[in-house]
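Line order of the protein sequences matches chains U and R. So the first sequence is numbered by the numbering used here: it starts at 5 and just counts up by one. So the second sequence is numbered by the numbering used here: it starts at 637 and just counts up by one.
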Amino acid sequence: MPVSSLAALKLACQRGGRIVVPALSFKVEAGRALILRGPNGAGKTTLLRTIAGYLPADSGRVIVSDDKGEGTGEGHFHYIGHTNGIKPRLSVIENVSFWQRFYSGADDADAAENALDAFALLDLAEYRAGHLSQGQARRLGLARLLASKRSVWLLDEPSVSLDAASTRRLETAIRHHLAQGGIALVSTHLDLALGDAATVLELQHGRAFAA
Amino acid sequence: MNAFLALLTRDLTLALRQGSAIGTALGFYLIAVSIIPLGLGPDLALLSRIAPGILWISFLLSAVLSVDALFQEDRDDGSLDALAIGPLPSELIAASKSLAHWLTTCVPLIVVTPLAGLLLNMELNAVPKLLATLAVGTLGISFVAGAGAALTLGLRRGALLLPLLILPLFAPFLIFGVGALSGAAGAFSQSILLLGALSLFSVAAMPFAAALALRLSLE
């Protein structure tokens, strides 16, 4: 994993012209996770979408350091938002194989199967994704993270509609990712058991402080 | 390039499994072509004279029917977010989508065009020429439509706005496409060259407009 750190430098995030997160600075080293907490509307999604590059920052910047130097992190991100990015008319394995091929540019059937296995979906591989339950669909959405390797995971409420066992699987996936030198930024209301690899950042309307 | 092919194959698979978009366009095309003679009366000479124009206009209207869904589904289910941060530049995402539209909508329409020509008493020796103009011109049509679909993405009632936006842009395609079949000396070769130029220009330029619109729609 080539990314050594992700830093925000006085990053102010806007949504629709309104500043939601003013001048936030933090740095996450490889192997660490940053947990974003805060009430609804505190700017967790806006912050993640700004880092991913979907939203232009109002001021400040995001610096991702990799083996080639400092950049915006383009090509290093996986982003999981509130939607799962799966096609109901494709089978479970076709969905995950598509993302595997799209991100890595080559066929790797093992990577796709292992990603399904990690989220306990292997038994449903030939099943149509449209017939999955909410929780199963969420797991299929998350399987994209494992199907192709990328250093920085930006996860927006990843545990929504997951049951306890699936949440454990998500924790295992994140811990494994961190152990390999990856970085994760996770907004969540649940306590994810990530041990001391995680730092918590509380976002309160207009302010942020480390907890 | 492999990511491009992965996206294109996925879209083709989805279109084939869904079937409804292709079916709607084909059905609309054949129905439009068969009710026009009912309105014009049983004048076979008139029909065969205006057949190329009727076929081209019906073709264009059928081709824009399903175009609003080109990016909409990917946006709604979150795929567009994931596509946008992948290895493929937005321009190539737009190009892949437009190409998929051409392969899944325009090519089937071209295939049934000889049958539609038969319904309009079109001269048999004009059919290959008509097919040639459609094959050359409609590739550009799909790319213009792709840019339009990206521009209206995320708008309420974007599906209604879209034809207003792109049908006027189809005018030059229509003029040269029908002009090629006017029967005047040299008209075919001149018109089809201009049609090809228009098409190539759209293929080269439209993905940039579409990419800009796609990036804005992610905000």
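Glycine residues also receive a C-beta, built at the ideal position from the N, C-alpha and C atoms.
#### Entry: Alpha carbon of ASP717 of chain R to alpha carbon of ASN761 of chain R, nearest angstrom
Position 81 of the second sequence, counted from the first residue, corresponds to residue 717 of chain R. Position 125 of the second sequence, counted from the first residue, corresponds to residue 761 of chain R. Going from the Cα of ASP717 of chain R to the Cα of ASN761 of chain R covers about 49 Å.
### Query
What residues in the region 820 to 832 of chain R have a beta carbon less than 9 Å from any beta carbon of chain U?
none
### Task
Return the first residue and the last residue of the alpha helix (DSSP H) that HIS180 of chain U is part of.
Here the question's residue 180 of chain U lines up with position 176 in the first sequence. 168 to 183 is the span of the alpha helix (DSSP H), which, as asked, contains HIS180 of chain U.
### Query
Taking the C-alpha atoms as reference points, what is the distance between TYR83 of chain U and ASP160 of chain U?
Position 79 of the first sequence, counted from the first residue, corresponds to residue 83 of chain U. Position 156 of the first sequence, counted from the first residue, corresponds to residue 160 of chain U. If you take the alpha carbons of TYR83 of chain U and ASP160 of chain U, they lie about 8 Å apart.
### Message
In whole angstroms, give me the CA-to-CA distance for ASP127 of chain U and SER101 of chain U.
### Response
For the purposes of this step, residue 127 of chain U is identified with residue 123 of the first sequence, where counting begins at 1. For the purposes of this step, residue 101 of chain U is identified with residue 97 of the first sequence, where counting begins at 1. Looking at the two C-alpha atoms, the distance is approximately 15 Å.
### Task
Determine, using beta carbons only, whether ARG36 of chain U and ALA201 of chain U come nearer to each other than 8 Å.
The residue you call residue 36 of chain U lines up with position 32 of the first sequence. The residue you call residue 201 of chain U lines up with position 197 of the first sequence. Going by beta carbons, ARG36 of chain U and ALA201 of chain U fall inside the 8 Å limit.
#### Entry: Residue range of the alpha helix (DSSP H) that includes GLY773 of chain R
Counting from 1 along the second sequence, the entry for residue 773 of chain R is found at position 137. Looking at the DSSP string, the run of the alpha helix (DSSP H) that includes GLY773 of chain R is 763 to 787.
### Task
Answer yes or no: does any C-beta atom of chain U fall closer than 8 Å to that of GLN654 of chain R?
On the second sequence, position 18 is the one that residue 654 of chain R refers to. Closer than 8 Å: yes.
### Query
For PRO723 of chain R, which residues in chain U fall below 9 Å Cβ to Cβ?
As a first step, residue 723 of chain R must be located in the second sequence, where it is residue number 87. The contacting residues are GLY79, PHE106, TYR107, SER108, GLY109.
### Message
Can you check whether the C-beta of GLY677 of chain R is within less than 8 Å of a C-beta belonging to chain U?
### Response
Taking the first residue of the second sequence as 1, we reach residue 677 of chain R at position 41. So, not an interface residue.
### Query
Looking at chain R, which residues of the region 56 to 68 of chain U have a Cβ within less than 8 Å of any of its Cβ atoms?
ALA56, GLY57, TYR58, LEU59, PRO60
#### Entry: Residues within the region 142 to 154 of chain U neighbouring chain R, beta-carbon criterion of under 8 Å
The residues in question are GLY145, ARG148.
### Chain-ordered residues of the region 120 to 144 of chain U with a beta carbon less than 9 Å from chain R
none
### Nearest residue (CA-CA) to ALA642 of chain R, options R:THR749, R:TYR665, R:GLY677, R:ALA736
Position 6 of the second sequence, counting from 1, holds the residue named residue 642 of chain R. For the residues R:THR749, R:TYR665, R:GLY677, R:ALA736, the minimum Cα distance to ALA642 of chain R belongs to R:ALA736.
### Query
Excluding sequence positions up to five away, which residues of its chain have a Cβ less than 8 Å from the Cβ of LEU854 of chain R?
In the second sequence, the residue the question calls residue 854 of chain R occupies position 218. Taken in chain order, the residues that qualify are LEU716, ASP717, ALA720.
### Task
Would you tell me roughly how many angstroms separate the C-alpha atoms of GLY663 of chain R and THR50 of chain U, rounded to the nearest one?
As a first step, residue 663 of chain R must be located in the second sequence, where it is residue number 27. As a first step, residue 50 of chain U must be located in the first sequence, where it is residue number 46. GLY663 of chain R and THR50 of chain U: Cα-Cα distance of roughly 44 Å.
### Message
I'd like to know if ASP704 of chain R contacts chain U, where contact means its C-beta is closer than 8 Å to some C-beta of that chain.
### Response
In the second sequence, counting from the first residue as 1, residue 704 of chain R sits at position 68. For ASP704 of chain R, the answer is no, since every Cβ of chain U falls outside 8 Å of its Cβ.
### Query
Which same chain residues, not among the five before or five after LEU63 of chain U, have their C-beta less than 6 Å away from its C-beta?
Looking up residue 63 of chain U in the first sequence gives position 59. A small fix is needed here, since residue 63 of chain U is Ser in this sequence, not Leu. Excluding residues up to 5 positions away in sequence, ALA16 lie with their Cβ nearer than 6 Å to the Cβ of SER63 of chain U in the same chain.
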